[in-house]
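Take a look at the structure set out below.
There are 2 protein chains.
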Amino acid sequence: MRKEIRFSGSGGQGVILASVILGTAAALYENKHAVQSQSYGPEARGGASKADVIISDEPVKYPKARNIDFMLCLTQKAADKYLPDLKEGGLVLIDSDYVDVPETDKYKVVKLPISSTTYDKQGKLIALNIVSLSAFVEVTKLVSEDSLEKAVLQAAPKGTEDFNMEAVKIGRELAKSLK
Amino acid sequence: MRKEIRFSGSGGQGVILASVILGTAAALYENKHAVQSQSYGPEARGGASKADVIISDEPVKYPKARNIDFMLCLTQKAADKYLPDLKEGGLVLIDSDYVDVPETDKYKVVKLPISSTTYDKQGKLIALNIVSLSAFVEVTKLVSEDSLEKAVLQAAPKGTEDFNMEAVKIGRELAKSLK
Chain Y
1 MRKEIRFSGS GGQGVILASV ILGTAAALYE NKHAVQSQSY GPEARGGASK ADVIISDEPV
61 KYPKARNIDF MLCLTQKAAD KYLPDLKEGG LVLIDSDYVD VPETDKYKVV KLPISSTTYD
121 KQGKLIALNI VSLSAFVEVT KLVSEDSLEK AVLQAAPKGT EDFNMEAVKI GRELAKSLK
Chain X
180 MRKEIRFSGS GGQGVILASV ILGTAAALYE NKHAVQSQSY GPEARGGASK ADVIISDEPV
240 KYPKARNIDF MLCLTQKAAD KYLPDLKEGG LVLIDSDYVD VPETDKYKVV KLPISSTTYD
300 KQGKLIALNI VSLSAFVEVT KLVSEDSLEK AVLQAAPKGT EDFNMEAVKI GRELAKSLK
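Taken in sequence, the protein lines are chains Y and X.
Start counting the first sequence at 1; every next residue gets the next number (the numbering used here).
Start counting the second sequence at 180; every next residue gets the next number (the numbering used here).
And the structure:
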């Protein structure tokens, strides 16, 4: 089992932290191996931001993501840039408040109004990355709810634990509302 | 030019964020290519934490660090675990408040009292990773002072800019005091 995951959005939306949390959830709480990475070139300036995670039962020998199984896109620019890297039969979760993706047979598109829901429930978008991550985990089942919560708590600065747990619940319920 | 850098310490010391900032400083403000990554296995639980950056003039083809040029060690456990990966002729910066490393001809050891200096100047250790990063950059000259400051500002949450710029200055002056 080797799964390649890419989180994408704009700089400042916290996609790196979200992918670090996913990697630690898999490695620390589910006995998997994980590599989390971001590569930047000069073209990264002002553009779309991405962060990759590879989760595997075995130590990860080749740490570069090339054939993405699961993707998250929080901005249209990120979707336009990275969606071609999603493999056939893959799945992409998009924030339908900001992203639209044409229907296709190549991969599955899951649309959730992540930003507006986060804003409605929390009055700000600080934890958008955690809401997105939690919805993503609910859709993909890459790690358990329990492992995700432990990893979010571990990453949360002191005093923000409740706020971040609330964000986890918002994302989970949003994804469950699909079914 | 390809340089491999490893930041190591304990979980919660912010070595991942420090290495993300170094990678963005090189890629966004110095026209280099950079890959930042962390790999975790089940053995990561409770142990030493590491984060790698590769900086290159060319796109980074092989993103795994194997032959570290420059290392930062904030804890003894991290030094014991990762120092064997430092290449001959490399350089390690250690927090001499917590880490000791035997003298050797194999690589250069730079010792700075990072924790105690940070605590003396700021009354807390929240920005220890930024102080360490700044001292590291002053010692290694991997990126310019200006690029570092821009990348730190970009990563700093709103309202913490001054505090983080202060941390940059503390680290830089500490490293300069060596000379």
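The beta-carbon is built from N, C-alpha and C at its ideal position, and this holds for glycine as well.
Predicted model, so just to flag it, every value in this text is computed and none were measured.
Asked: Cβ atoms of D85(Y) and R6(Y): under 8 angstroms apart, would you say?; Found: yes
Asked: Taking the alpha-carbon of V214(X) as reference, which of D274(X), Y241(X), D299(X) has the nearest alpha-carbon?; Found: Y241(X)
Asked: Which residues bound the alpha helix (DSSP H) around A330(X)?; Found: 324–334
Asked: Around the Cβ of L93(Y), are there at least 16 other Cβ atoms within 10 angstroms (buried) or fewer (exposed)?; Found: buried
Asked: Taking 8 angstroms as the CB-CB cut-off, is A257(X) touching chain Y?; Found: no
Asked: With 8 angstroms as the limit, tell me which residues of the stretch 32–43 of chain Y have their beta carbon closer than that to any beta carbon of chain X; keep them in chain order.; Found: K32, H33, A34, V35, Q36, S37, Q38, S39, Y40, G41, P42
Asked: According to DSSP, simplified to helix, strand and coil, what is S177(Y)?; Found: coil
Asked: At 9 angstroms on the CB atoms, spell out the chain X contacts of I16(Y), in chain order.; Found: I195, L196, V199, Q215
Asked: Output yes or no for whether 8 angstroms exceeds the beta carbon distance between I21(Y) and Q38(Y).; Found: no
Asked: Take the Cβ of D120(Y) as the centre, count every other Cβ of all protein chains shown within 10 Å, and call the residue buried at 16 or more, exposed below.; Found: exposed
Asked: Let me make sure I understand the geometry here. Which of E149(Y), V101(Y), K64(Y), A127(Y) has the alpha-carbon closest to that of K81(Y)?; Found: V101(Y)
Asked: Within the continuous beta strand (DSSP E) that includes S189(X), where are the two ends?; Found: 181–189
Asked: Contact criterion: CB-CB distance below 8 angstroms. Does V193(Y) meet it with respect to chain X?; Found: Residue 193(Y) is absent from the structure shown; chain Y starts at 1 and stops at 179.
Asked: Using a cut-off of 8 angstroms between C-beta atoms, extract the partners of G202(X) located in chain Y.; Found: Q38, Y40
Asked: For K184(Y), which of Q122(Y), G11(Y), P157(Y), G89(Y) has the nearest alpha-carbon?; Found: Outside the displayed range of chain Y (1 to 179) lies residue 184(Y), so it cannot be described from this structure.
Asked: Give a yes or no on whether 8 angstroms exceeds the smallest Cβ distance from P63(Y) to chain X.; Found: yes
Asked: According to DSSP, is V184(Y) part of a helix, a strand, or is it coil?; Found: The displayed coordinates of chain Y run from 1 to 179. Any statement about residue 184(Y) would go beyond what the structure contains.
Asked: With DSSP run on the structure shown, which of helix, strand or coil describes K229(X)?; Found: strand
Asked: May I ask you to report which of helix, strand or coil DSSP gives Q253(Y)?; Found: For chain Y, the structure presents residues 1 to 179; residue 253(Y) sits outside this window and is missing.
Asked: Quick check on V181(Y) - is its C-beta less than 8 angstroms from some C-beta in chain X?; Found: Residue 181(Y) lies beyond the stretch modelled for chain Y, which goes from 1 to 179, so this question has no answer here.
Asked: Might you give, ordered along the chain, the residues of its own chain that have their beta carbon closer than 7 angstroms to the beta carbon of N164(Y), omitting 5 neighbours on each side?; Found: A127, I130, V152, A156
Asked: So for V139(Y), helix, strand or coil by DSSP?; Found: helix
Asked: Just reading off the beta strand (DSSP E) that Y40(Y) is part of, what are its end residues?; Found: 33–40
Asked: What residue does the beta strand (DSSP E) around D274(X) start on, and which one ends it?; Found: 265–274
Asked: Suppose you measure from the CA of L125(Y) to the CA of L357(X); what does that come to, to the nearest Å?; Found: 44 angstroms
Asked: 8 angstroms is my cut-off, CB to CB: does L178(Y) come that close to chain X?; Found: no
Asked: Enumerate in chain order the residues of its own chain whose CB-to-CB distance from R172(Y) is below 6 angstroms, with the five nearest sequence positions on each side excluded.; Found: S134, E138
Asked: Going straight from the alpha carbon of G226(X) to that of E282(X), what length do you get?; Found: 25 angstroms
Asked: For I114(Y), does the three-state DSSP call read helix, strand or coil?; Found: helix
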